[in-house]
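Numbering (the numbering used here), first residue to last: 24 to 500.
Ideal placement from N, C-alpha and C gives every residue a C-beta, glycine not left out.
Just so you know, these numbers come straight off a predicted model, no measurement behind them.
Below: one structure, written as structure tokens.
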Amino acid sequence: MLGWRILGHGDYKVDIPVLSKEEEELISAAQERFREATRSKHTNSSEESRALVEDILAKTAGESGIYLDRSQAAYLGNIAFMHIYGFGFLQPLLENPEIEEISIIGPGRPAYVYVRKQGWKKVNACFDDEKAIGEMINKMARNIGRHITMQNPRLDAMLPDGSRLHASLPPVSQGEITIRKFRDRPFSPRELAEGGTLSSDALALLSVLMQCDMTLLVAGNTASGKTTTLNALFSFVPWNDRVLITEETPEISVPHEHQLRMVANREMGISLKDLVYDSLRMRPDRMIVGEVRNKEETEALFDVLLAGQARGSYATFHAQSVDEALSRLKSFGVPENDLGSIDCIVVQRRMLAYDVKTRRNCEIRRVVEIAEVEGGARVLYRYGQPLKHGRLVETAAESFGMNRKEMMAELGRRRKLIEKAGPDYVGFYRKIQAELYGLDEDARREDRDEREEVGRRGGVGVRETSGSRKSGGGWMP
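See below:
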């Protein structure tokens, strides 16, 4: 009747009671009256919608001769609001920050969630039929002007909160929804080090490479955290650099004010390759290609690298080792001599680990290799092993005007700085920017005010993206 129901079992339990048939009928009747009421009068906020739902529910119950005590009115009002205004049992899953992924695998089958540090768990809820799944997909996609039909049974979209939605209907599947959620703010490098993703020594080296304007390829398997690591590394990039981001799905989240994001659109025939070529005329200081997947995108990326139009260029790529990354690039037509335009490859993997205490498998994400590329790949870092220092360190020393001994001392200083900087991204970012570039909060505020004033006058200094993650832009610390 509601299109979804609560089950009596599950590893992950949503805090919704099992409803009686009469309660479901009451909520369904209230839903119809809510639709009629909002056809002529739109609500302006979730609070106004909640009040309207609760009022309609109470009136519907009274007209049906149903008495609701205070407790029953409270929980039915909450469920009715989730069902009518929100996304039913998916709503509490979307609101839980510990859940990374939500999966619907068909009608009558329990939903699954991927809980951070715990893995996949079966949810005590399901959708009743294909129709209910289709209605939920369209409800979620409505706010972004998208929809799914039997004639067009596949949908890829970005939800307003930044989550990625993939969905399909028969004949592609029985009815499937996959929602990958993203943190409002990125992990800081210190958080990555403390979480065991990579060592502070490795981060110190990468911080130098980011400051020296070298090109970086972050490779890994699906959901390994490639974008998370790239986001974190951008805390080492000067805050006033012009950053140009090209993506198929908005995922990159950097704190820089002067950033411009361009998103490919298949329906309009605008490819990632087109956007990468457009960037050649836009003079970025830093260029990010969200993810390189095929020969055409690889060709466009290397045209940008070889043109040297940005001081530093960065991309993510699917590969599980440095050798595999280079092999795949060659298979996409990159000549051997051109591979040297990549200074460094960082490989991050999502792997299974066995926890002896809980006797369960769990997933971990680790940077397993960091390698320099020019003249043949040479691995400088493997997880759990001491960091080696190769040509990249010598190049960085030249860029800094240091000898090797001074650069080694600088790497040691940065390691300590990374370990002591604020644990969250905002605190870490501010500390790093102050220590590396001598920029304090007052200077940043004055520059930001100046940019906004120029923008109000219609000049050329207007900020190019909003500071909201939900808008697909960056965020301001």
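Nearest to Ser-211 by alpha-carbon distance, out of Gly-424, Ala-394 and Leu-253, is Leu-253. Annotated as distal: Leu-228 and Leu-239, with beta-carbon spacing of 8 Å or more.
Counting of Cβ neighbours within 10 angstroms places Asp-366 among the buried residues, the total reaching 16 or more. Comparing alpha carbon positions, the residue from Met-159, Ile-311, Asp-179 and Ile-125 closest to Glu-290 is Asp-179. Less than 8 Å divides the Cβ of Gly-198 from the Cβ of Pro-130. At a Cβ-Cβ threshold of 8 Å, Arg-203 and Ser-222 do not count as neighbours. Linking Asn-161 to Glu-47 through their CA atoms gives a straight-line distance of about 22 Å. Inclusion of Glu-153 and Pro-194 in the CB contact set at 8 Å is not warranted, their separation being larger than that value. The beta carbons of Gly-313 and Thr-339 sit about 7 Å from each other, so the pair counts as a contact at 8 Å. The beta carbon of Tyr-137 lies closer than 6 Å to those of Glu-123, Glu-124 and Trp-143 in the same chain, with the five residues before and after it left out.
Boundaries around Thr-269 are those of the beta strand (DSSP E), 266-270, since no alpha helix (DSSP H) includes it. Using a Cβ distance threshold of 8 Å, Phe-355 and Thr-321 count as a contacting pair. Met-374 and Glu-421 have their alpha carbons spaced roughly 37 Å apart. By the C-beta density criterion, Ser-350 is exposed, having fewer than 16 other C-beta atoms within 10 angstroms. Taking 8 Å as the cut-off, the Cβ atoms of Phe-205 and Glu-274 count as close. Collapsing the DSSP output to three states places Asp-297 in a helix.
When secondary structure is reduced to three states using DSSP, Gly-450 falls in the helix class. For Ile-29, same chain residues with a beta-carbon under 8 Å away, outside a window of 5 residues either side, are Val-37, Ile-39, Pro-40, Val-41, Leu-42, Phe-112, Asn-147 and Ala-148 in chain order. Taking each of Ala-330, Thr-272, His-281 and Ala-376 in turn and checking the Cα distance to Ser-294, the smallest one comes out for Thr-272.
Ranked by Cα distance from Asp-346, the options Leu-303, Val-391 and Arg-304 are led by Val-391.
For Asn-254, the enclosing alpha helix (DSSP H) begins and ends at 249-256. Nearest C-alpha to Ile-107 among Arg-139, Tyr-135, Thr-66 and His-189: Thr-66. Less than 8 Å separates the beta-carbon of Arg-213 from that of Ile-441. Taking all protein chains in view, the Cβ of Arg-437 is crowded by 16 or more other Cβ atoms within 10 Å, so the residue is classified as buried. It is roughly 5 Å from the alpha-carbon of Pro-176 to the alpha-carbon of Ser-191. Fully enclosed alpha helix (DSSP H) runs of no fewer than 4 residues occupy 69-86, 93-107 and 113-118 of the stretch 56-128, in order along the chain. Cβ-Cβ separation between Val-76 and Gly-109: approximately 10 Å, too far for a contact (criterion under 8 Å).
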